[in-house]
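Below is one structure, written out as structure tokens, with a few remarks after it.
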Amino acid sequence: MELRYEKFKKMFKFLAAFFLQCVYSLSFAFVWYNDLNRLMDRAFENKGNWLVIASYFLVVLIFMQIYGGFKIGYLSKWNVVFSQWLALFIANLVICMQCILMIGRLAHIPRIIGHIAEMTVVQWMLSVVLTLLITLLFERIYPPKRLLLIYETYSPEDFISKISERKDKYYIEKCVNISDGWENVREEILNYQSVLLYDISAQNRNLILKYCYQKDKEIYMTSKISDVILRSSKDILLFDTPLLLAQNSGLSWFQKAVKRLVDLVIAVLGLVITSPILLIVAVCIKVCDGGPVFFFQERCTLGGKVFRICKFRSMIVDAEKDGKSRPATDDDDRITPVGKVIRKTRIDELPQLFNVLKGDMSIVGPRPERVEHVEIYTKEIPEFVYRMKVKGGLTGYAQVYGKYNTTAYDKLKMDLMYIENYSFLLDVKLILMTIKVMFMKASTEGFSEKQQKDISDGGDRPWTEKTNDGAGNERS
Numbered sequence: 001m002e003l004r005y006e007k008f009k010k011m012f013k014f015l016a017a018f019f020l021q022c023v024y025s026l027s028f029a030f031v032w033y034n035d036l037n038r039l040m041d042r043a044f045e046n047k048g049n050w051l052v053i054a055s056y057f058l059v060v061l062i063f064m065q066i067y068g069g070f071k072i073g074y075l076s077k078w079n080v081v082f083s084q085w086l087a088l089f090i091a092n093l094v095i096c097m098q099c100i101l102m103i104g105r106l107a108h109i110p111r112i113i114g115h116i117a118e119m120t121v122v123q124w125m126l127s128v129v130l131t132l133l134i135t136l137l138f139e140r141i142y143p144p145k146r147l148l149l150i151y152e153t154y155s156p157e158d159f160i161s162k163i164s165e166r167k168d169k170y171y172i173e174k175c176v177n178i179s180d181g182w183e184n185v186r187e188e189i190l191n192y193q194s195v196l197l198y199d200i201s202a203q204n205r206n207l208i209l210k211y212c213y214q215k216d217k218e219i220y221m222t223s224k225i226s227d228v229i230l231r232s233s234k235d236i237l238l239f240d241t242p243l244l245l246a247q248n249s250g251l252s253w254f255q256k257a258v259k260r261l262v263d264l265v266i267a268v269l270g271l272v273i274t275s276p277i278l279l280i281v282a283v284c285i286k287v288c289d290g291g292p293v294f295f296f297q298e299r300c301t302l303g304g305k306v307f308r309i310c311k312f313r314s315m316i317v318d319a320e321k322d323g324k325s326r327p328a329t330d331d332d333d334r335i336t337p338v339g340k341v342i343r344k345t346r347i348d349e350l351p352q353l354f355n356v357l358k359g360d361m362s363i364v365g366p367r368p369e370r371v372e373h374v375e376i377y378t379k380e381i382p383e384f385v386y387r388m389k390v391k392g393g394l395t396g397y398a399q400v401y402g403k404y405n406t407t408a409y410d411k412l413k414m415d416l417m418y419i420e421n422y423s424f425l426l427d428v429k430l431i432l433m434t435i436k437v438m439f440m441k442a443s444t445e446g447f448s449e450k451q452q453k454d455i456s457d458g459g460d461r462p463w464t465e466k467t468n469d470g471a472g473n474e475r476s
């Protein structure tokens, strides 16, 4: 059934998204016609009503696209529901302010807010019911894909555990090693419609890619650093031999100027708006154990420059008094009661707005790593320094799409995706996506005890997914 209806998958997703969009827009239309429009001194008629409803349709669509509210079959069902809730909340907040401005009477503000709030609750309930039903139908039509995983030098065990978290999408039925022989690999490929390549060397990957292309087989593959760089390259068609241009120059001077201006505006506004929160948290930390409110630590930013990052202290004083780096684990006994709250809500990061004002950091960029971690990671992954082509950021690509305990190698690839595809709109999207990430538990998931021990003890570190297998075979 999966193969039979595969060609209609995009149509299914489009119709499902359009249906949900119409449901939410019609619910607003009902509230507008029956409640909000009647509060106007002179009620809108015909085209005026259509314009208001169309503006709502557009606002909801924009935020649904940003938060992935219509990514049915891609995100997990509860992730889709939460994305829709967040998109609807922000869209309704925008339309509420618009209605207040249009109606223009202070006396009607409570009624406007009340009608919008009631509509939001109804939309949230519809979101749960409709999204779960649509997802159930999608999973019946498109069951998890049976995958043949092909690997080479590195064990795919950890990667398989990641894939198993989405059993609704993928099922790795068999694993084959390149060392089993090319003929055996080709025979196995013919038994599957979808193939997953895990860290295959360039020569073998090219062979498999071309063979799968010839046999119309779908291919998934883990990316290499060179892949990330090439994806952002430009086509040069001045000759009868196509060229690819990878400029590798980071941000232009104009992009840097715009980015710095935006950083200053957001940092100032952020400090003003969150000042009551900053004051309350500072008092709570001081009352909790009497220790210092702020925590300073040396981090690396643009060009490897070292600066002192400022955060609210969330751990006990002298949490690393032995001098060894010990990243936080889940249920770490060094985290204070106040620290548990501010870490989960990311409030401990707010004082970094002062670093942004100073110019050491940007609002969006790769997460600035500790000096000792940079030295360790660079020894294992020489390309780790590439992420310092831009300033470290308060939020970023790896923070939004990764986890706190994502490996250094995967963080590097995501940070390079950001650097190589930078745009002002991408920054805006990542800032808005950060709101969603703040409420997701996975994003603050701590290191395992094994990962923490590896970082503390030194030596070879499998958690970095190092790029050389010791025999000169470059992984990236």
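By the UniProt record's numbering, the letter at position 262 of the sequence shown is numbered 262, and the numbering carries on one by one without gaps. Don't be surprised by glycine CBs; every beta carbon is placed ideally from N, CA and C.
So what's residue 478 in DSSP terms, helix, strand or just coil? With the chain running from 1 to 476 in the structure shown, residue 478 is simply not present.
Provide the residue span of the beta strand (DSSP E) that contains residue 499, from first to last. Past the boundaries of the shown model lies residue 499; the chain is included only from 1 to 476, so the question cannot be answered.
Whole-angstrom Cβ separation of F384 and L412, contact assumed at under 8 Å? Indexing the sequence shown from 1 puts residue 384 at position 384. Indexing the sequence shown from 1 puts residue 412 at position 412. Indeed they touch by this definition, with Cβ atoms about 6 Å apart.
Residue span of the beta strand (DSSP E) that contains E173, given as start and end: For the purposes of this step, residue 173 is taken as the residue at position 173 of the sequence shown. Taken as a continuous stretch (DSSP letters only), the beta strand (DSSP E) holding E173 covers 170-177.
Compute the beta-carbon to beta-carbon distance between V80 and T131, rounded to the nearest angstrom, for a pair I have assumed lies under 8 Å. To locate residue 80, count along the sequence shown from 1; it is residue 80. To locate residue 131, count along the sequence shown from 1; it is residue 131. Correct: roughly 5 Å between the Cβ atoms.
What span of residues does the beta strand (DSSP E) with F384 cover, start to end? One-based indexing of the sequence shown puts residue 384 at position 384. Unbroken run through F384: none, as it is neither H nor E.
CA-to-CA distance, Q98 to F89, given in whole angstroms: Reading the sequence shown from its first residue, position 89 is the one you call residue 89. Reading the sequence shown from its first residue, position 98 is the one you call residue 98. Spanning the two alpha carbons is a distance of roughly 14 Å.
Just how far apart, CA to CA, sit F312 and T336? Counted from its first residue, the sequence shown places residue 312 at position 312. Counted from its first residue, the sequence shown places residue 336 at position 336. Roughly 12 Å separates the two Cα atoms.
Mind checking if Y24 is an interface residue toward chain C, Cβ cutoff 9 Å exclusive? Included in the structure is just one protein chain, with no chain C present.
May I ask which residues mark the beginning and end of the alpha helix (DSSP H) holding L86? Sequence index remark: in the sequence shown, residue 86 carries index 86 (1-based). It spans 77-103 - the alpha helix (DSSP H) in which L86 sits, taken as one unbroken run.
Figure out for me which residue from R38, M433, F424 has the closest Cα to the Cα of F254. As a working note, residue 254 is residue 254 in the sequence shown. Comparing Cα-Cα distances from F254 to each of R38, M433, F424, the minimum goes to F424.
Considering only the alpha carbon of each residue, which of D427, M11, A282, R387 lies closest to I266? The residue given as residue 266 occupies position 266 in the sequence shown. Of D427, M11, A282, R387, the residue nearest in Cα terms is D427.
Of the choices K169, I163, L126, whose alpha-carbon is the least far from that of I141? Residue mapping note: residue 141 aligns to position 141 of the sequence shown, counting from 1. It is K169.
Just reading off the alpha helix (DSSP H) that M40 is part of, what are its end residues? Here residue 40 refers to the residue found at position 40 of the sequence shown. Per DSSP, M40 belongs to no alpha helix (DSSP H) and is neither H nor E.
Nearest to Y401 by CA position, among N248, L58, I160, M433, is which residue? Translated into the one-based positions of the sequence shown, residue 401 becomes position 401. Answer by Cα proximity: M433.
How many angstroms separate the CA atom of M40 from the CA atom of I103? Start at 1 with the first residue of the sequence shown, and residue 40 comes out as number 40. Start at 1 with the first residue of the sequence shown, and residue 103 comes out as number 103. Looking at the two C-alpha atoms, the distance is approximately 5 Å.
Go to S233, then tell me how far its alpha helix (DSSP H) extends in each direction, as first and last residue. Within the sequence shown, numbered from 1, the residue matching residue 233 stands at position 233. Unbroken run through S233: none, as it is neither H nor E.
Taking V364 as part of the beta strand (DSSP E), name the residues at either end of that continuous run. For the purposes of this step, residue 364 is taken as residue 364 along the sequence shown, with counting starting at 1. Note, V364: beta strand (DSSP E), 361-364.
Within a Cβ cutoff of 7 Å, which residues of the same chain sit near C175, ignoring the five residues on either side of it in sequence? Within the sequence shown, the letter at position 175 stands for residue 175. Taken in chain order, the residues that qualify are L149, Y151, P156.
How should G181 be labelled, buried or exposed, when 16 other C-beta atoms within 10 angstroms of its C-beta is the threshold for buried? On the sequence shown, position 181 is the one that residue 181 refers to. Exposed, because fewer than 16 other Cβ atoms sit within 10 Å of the Cβ of G181.
Just confirm the distance between the C-beta atoms of P382 and T301, as a whole number of angstroms; I'd bet it's less than 8 Å. Numbered from its first residue, the sequence shown carries residue 382 at position 382. Numbered from its first residue, the sequence shown carries residue 301 at position 301. Actually they are not in contact, since the Cβ atoms of P382 and T301 sit about 19 Å apart, beyond 8 Å.
In whole angstroms, what separates the C-alpha of E375 from that of Q193? Residue numbering aside, residue 375 sits at position 375 when the sequence shown is read from its first letter. Residue numbering aside, residue 193 sits at position 193 when the sequence shown is read from its first letter. One C-alpha to the other measures close to 43 Å.
Compare the C-alpha of residue 487 against each of V437, K77, V31 and name the closest. Coverage of the chain is limited to positions 1 through 476, which leaves residue 487 absent and any answer about it impossible.
Whether Y33 touches K436 by CB criterion (9 Å): Position 33 of the sequence shown holds residue 33. Position 436 of the sequence shown holds residue 436. No, the Cβ-Cβ distance between Y33 and K436 is not below 9 Å.
For V128, collect the residues of the same chain with a Cβ closer than 8 Å to its Cβ; drop the 5 residues on either side in sequence, then sort them by chain order. Translated into positions along the sequence shown, residue 128 becomes position 128. Answer for V128: V81, listed in chain order.
Contained alpha helix (DSSP H) runs [length at least 4] in the region 144-172, N- to C-terminal order: 157-163
Report back the beta-carbon spacing between I172 and I160 to the nearest angstrom; my notes put them in contact at under 8 Å. By 1-based counting over the sequence shown, the position of residue 172 is 172. By 1-based counting over the sequence shown, the position of residue 160 is 160. 6 Å between Cβ atoms; contact.
Buried or exposed by the 16-neighbour rule on C-beta atoms within 10 Å, applied to D158: By 1-based counting over the sequence shown, the position of residue 158 is 158. By the 10 Å Cβ count, D158 comes out exposed.
Helix, strand or coil for K13, going by three-state DSSP, please let me know. Taking the first residue of the sequence shown as position 1, residue 13 is located at position 13. Helix.
Enumerate in chain order the residues of its own chain whose CB-to-CB distance from residue 480 is below 7 Å, with the five nearest sequence positions on each side excluded. Outside the shown range of the chain (1 to 476) lies residue 480, about which nothing can therefore be said.
For G69 and S83, which I take to be in contact (beta-carbon distance under 8 Å), what is that distance rounded to the nearest angstrom? By 1-based counting over the sequence shown, the position of residue 69 is 69. By 1-based counting over the sequence shown, the position of residue 83 is 83. About 4 Å; that satisfies the 8 Å criterion.
Simplified DSSP assignment, three categories, for K311: For the purposes of this step, residue 311 is identified with residue 311 of the sequence shown, where counting begins at 1. DSSP places K311 in strand when its eight states are reduced to three.
With DSSP as the reference, label Y192 as helix, strand or coil. Walking along the sequence shown from the start, residue 192 turns up at place 192. Coil, per DSSP.
Going by DSSP, what residue range makes up the alpha helix (DSSP H) through F254? Position 254 of the sequence shown holds residue 254. Residues 253-289.
Need the endpoints of the beta strand (DSSP E) that Y220 sits in, please. Locating residue 220 in the sequence shown gives position 220, counting from the first residue. Counting along the chain, the beta strand (DSSP E) containing Y220 begins and ends at 218-221.
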